[in-house]
Amino acid sequence: MIKNFLHIVSSHKIIVSIIIIVVAVGGYFEYRMLTGNSANDLYVLTSVRKGTFTATVSGSGQVITSDSLDIKPKTSGDIIYVGVTAGQKVRSGQLIAEIDPTDAQKAVSDAKTSLETAKLQLDNLLAPVDALTLLQAEDLLTQARESLQNSQNDLVSTYASAYTDISNAYIALPSVMTGLNSMLYSNTINKSQNNVDAYTNLINNSPSAYQFNQAAVSGYQAASVAYTQALMDFKNSNINSSTSTIEALLSETNNTLKAISVANSNIKNLLDLVSNTMQQANLKIPNQLNIDEASMQSYISTVNDQLSTILGVQNSIQSDKDSIVSAQRSINEKTLSLANIKAGPDDLTIRAAQIAVQQQQDNLTTAQQNLDYCYIRAPFDGVISKINVQKGDPVSSGTAVATIITEQQMAQLSLNEVDAAKVQIGQAATMTFDAIPNLTVDGQVSELDAAGTVSQGVVTYNLQIAFNKQNNLVKPGMTVTAVIVTENRPNVLLIPSSAIKKVGNRNYVLVPSESDLSGLSATSSPAGVSLKNSPVQKEIQIGPSNSILTEVLSGLSEGDKIILRTITTSQAVTTSTQSNANLLRGLTGGAGGFIGGGTFRTPAGGATRMNNSSTGSTAATQQTASTSH
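The numbering used here numbers the first residue of the sequence shown as 274 and each following residue consecutively.
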């Protein structure tokens, strides 16, 4: 047996060599593919396009004939016209009755106005910037700059006047401080005592005398210390000092004036206590006390005036600073506004305006449809057997306005509760029949159960679809499949539903990076393209969806490229393996009886059957030619 095997190998050396080479080369490329990274992935691209989104539900049932049908309105209101009588023949579409359309007409008018407004806003966004708008924006920026310069000039002027006001304070304060010192420490009351103590002794029997004495002395001493330091700092400055020095002087002067004001108050309290106590005791008031009280009024007035001036200057400086900040902020805003006007609206703003137009268009369509519902028409040819309303009667969507009789063909079917929730009376439908393969009949939903039927925990709703035209080929009892259009949205952005990824409440698509986009052609090969960079996630807002298409509300624009499908490295490996197997089959198929119809044992012990057919050989030849090139 071994000898036979060696003989076969020896007689087919060329074939065996080719097989070894094919297996080795195939294994090498498969190894490269398996160990490669995502850079070898291919991406099938598609473009965002505008189109009509249509949502449907479908169901099966049987054809029936209806002897009579209640005609019900699709809106509510008061009947203002009845156009038929009992026994009258009517044609499909003939007006039966009219509901007061006043509100519906107003809604249409308002919707038209809103649509026109939205279109004008969009046109205004897309229109080139007019010269007047540009000039106005430039003027506003110039005014903001002038306002900044004026505020800066005001601040400089305020600092200059601030130093003058500080100087005036130190011109007025020396006489005050000298007078207070004399009032407390001269000996005009008792030559052996300071006046402050002499005043206290005049009312020695008063329990508050000592307390007022100490307050007057301590208040003056604090004021004297503050005044001495402030005066020294003022003398070390001049009108050309820095703004920070002037602000420090203002603050120091303000604090000094407050300290002197406290001293004035404490000394006046002592003088008032002495005067009042002596008056109550019918004692003679010293003349010096009257002089000191008069002087004290003058000192208080002087300090208050200076304190008011300094506080006013400080407030003016802060106001000027605030004006500068406000003017600078205004310049920034006007600069950005001018730049935006020159650049024009961004894509997001334009898209928002386009969506607003579409929304108003949808509102108008709905309003016009509601207006149409005010006119109740015959759903098909027949005879009016009964009129249930008269002029002035209120009706709703459940009111039977009239009854029509006919041999009307209808489809009766049932839907689950999810699909039934999407269906409304009047929606269009197309019907096909198992018994008549090439026939399609149009119709509309004429009746829908208000309450469902529960069977084994499953809720279903029965509905009927009236045929728009009778067809003699259709017989009662035939099986019918109906597709009902539940939603029809024209001119919306659409993408394949399979391209959408979802994480939590977030929907996104994968898009090529900006650098890859520039190198892509207008169309994409179904075999995929290679991208240099990893795809980018782009979040989107979606609207209605079906198994094929989904409406995009925001996040993408018409013509944008998105990734529909990724061809991974593993898929390429599978293809390569199959190609190698085909090549191997082709080679062995043309070699005669080396493999024959038997099996080729893999190292793992598996078996792969080789096909010797001429088709396999041809495929192998083609693959070989491709590889050699």
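Using N, Cα and C, we set each Cβ at its ideal position, and we do this for glycine too.
DSSP state of residue i mapped onto helix, strand, coil
| i | result |
| --- | --- |
| T881 | Since pLDDT at T881 reaches only 34, below the 50 mark, its modelled position is unreliable, and the value read off the structure follows with that caveat. Looking at T881 - three-state DSSP - the assignment turns out to be strand. |
| S852 | With a pLDDT of only 48 at S852, under the threshold of 50, the placement of this residue in the model should not be trusted, and no figure is reported. |
| V696 | coil |
| G452 | helix |
| M306 | Confidence at M306 is low in this model, with a pLDDT of 45, below 50, so the placement of that residue should be treated as unreliable; the coordinate-derived value is given next. Reduced to three states, the DSSP call for M306 is helix. |
| V424 | Reading the sequence as shown, one finds Ser at residue 424 and not Val. Three-state result, S424: helix. |
| Y646 | coil |
| I614 | helix |
| L829 | coil |
| P918 | The requested residue 918 is not part of the displayed model; the chain covers only 274 to 902. |
| K834 | strand |
| K531 | helix |
| T461 | coil |
| T442 | In the sequence under discussion, the amino acid at residue 442 is Ala, which differs from the Thr named in the question. Three-state result, A442: helix. |
| I344 | strand |
| N744 | coil |
| A702 | strand |
| P447 | helix |
| N819 | coil |
| S887 | Any reading at S887 must be qualified, since the residue scores a pLDDT of 33, below 50, and its modelled position is unreliable; no value is offered. |
| N711 | strand |
| V727 | strand |
| G324 | strand |
| D620 | helix |
| G356 | coil |
Proximity winner among the options, relative to residue i (alpha-carbon distances)
| i | options | result |
| --- | --- | --- |
| S568 | Q367, K541, L584 and L556 | K541 |
| P749 | S771, V598, N426 and M683 | M683 |
| I720 | Q697, F706, T703 and A702 | This sequence places Glu at residue 720; Ile is not what is there. Answer by Cα proximity: Q697. |
| R650 | T733, G334, A800 and G699 | G699 |
| V949 | A404, G832 and G350 | No answer is possible for residue 949: it lies beyond the span of the chain, which begins at 274 and ends at 902. |
| V498 | I813, E525 and T473 | E525 |
| L393 | D789, Q633 and K664 | Q633 |
| G334 | M505, V756, V576 and G801 | V756 |
| A612 | A391, A410, I840 and P817 | A410 |
| G754 | L790, S687, V598 and S728 | In the sequence as presented, Gly is not what sits at residue 754; that position holds Thr. Of L790, S687, V598 and S728, the residue nearest in Cα terms is S687. |
| K659 | T325, L318 and A370 | A370 |
| I353 | S830, A536 and D666 | D666 |
| Q642 | A384, P817 and A702 | A384 |
| V576 | Q681, A442 and D593 | A442 |
Rounded C-alpha distance that separates residue i from residue j
| i | j | result |
| --- | --- | --- |
| A400 | E389 | 16 Å |
| Q422 | I439 | 26 Å |
| S849 | N819 | Note that S849 scores a pLDDT of 47, beneath 50, so its modelled location is shaky; the value from the coordinates is reported in the next line. For S849 and N819, the distance between alpha carbons rounds to 36 Å. |
| L783 | R762 | 25 Å |
| V674 | T759 | 25 Å |
| I476 | S459 | 19 Å |
| T329 | G360 | 38 Å |
| T921 | A482 | Coverage of the chain is limited to positions 274 through 902, which leaves residue 921 absent and any answer about it impossible. |
| M751 | R838 | 42 Å |
| T386 | L767 | 28 Å |
| N689 | S320 | 35 Å |
| N764 | S771 | 21 Å |
| S382 | I628 | 20 Å |
| T582 | L398 | 54 Å |
| A708 | Q717 | 21 Å |
| V825 | K323 | 10 Å |
| A445 | Q416 | 43 Å |
| I677 | D645 | 20 Å |
| M704 | T338 | 15 Å |
| P500 | S515 | Residue identity differs from the one stated: residue 500 is Tyr in this sequence, not Pro. Cα-Cα distance, rounded: 22 Å. |
| E566 | N474 | 18 Å |
| A435 | Y493 | 27 Å |
| D403 | K615 | 10 Å |
| S491 | K607 | 57 Å |
| T679 | A739 | 11 Å |
| K742 | F653 | 8 Å |
| Q552 | I558 | 7 Å |
| V630 | A640 | 15 Å |
| D314 | P769 | 21 Å |
**Study point:** Stretch-stretch touch, CB-based, cutoff 8 Å, three pairs: the segment 355 to 374 with the segment 592 to 609
**Key:** no
Review point. Curious, which full-length alpha helix (DSSP H) runs of at least 4 residues does the segment 370 to 411 contain?
Key: 375 to 399
Review point. With contact counted as at least three CB pairs below 8 Å, one residue from each stretch, are the segment 608 to 623 and the segment 354 to 371 in contact?
Key: Three or more beta-carbon pairs separated by less than 8 Å are not found between the segment 608 to 623 and the segment 354 to 371, which leaves the two stretches without contact.
Check your understanding: If you scan the segment 465 to 512 from start to end, which runs of the beta strand (DSSP E) of 3 or more residues do you find wholly inside it?
Key -> none
Point to revise | beta strand (DSSP E) segments (min. 3 residues) lying fully within the segment 758 to 812 | key: Fully contained in the segment 758 to 812 are the following beta strand (DSSP E) runs of length 3 or more, in chain order: 774 to 776 and 779 to 784.
Review point. Between the segment 464 to 476 and the segment 539 to 559, do three or more beta carbon pairs fall short of 8 Å?
Key: Yes, since at least three Cβ pairs between the segment 464 to 476 and the segment 539 to 559 fall closer than 8 Å, the two stretches touch.
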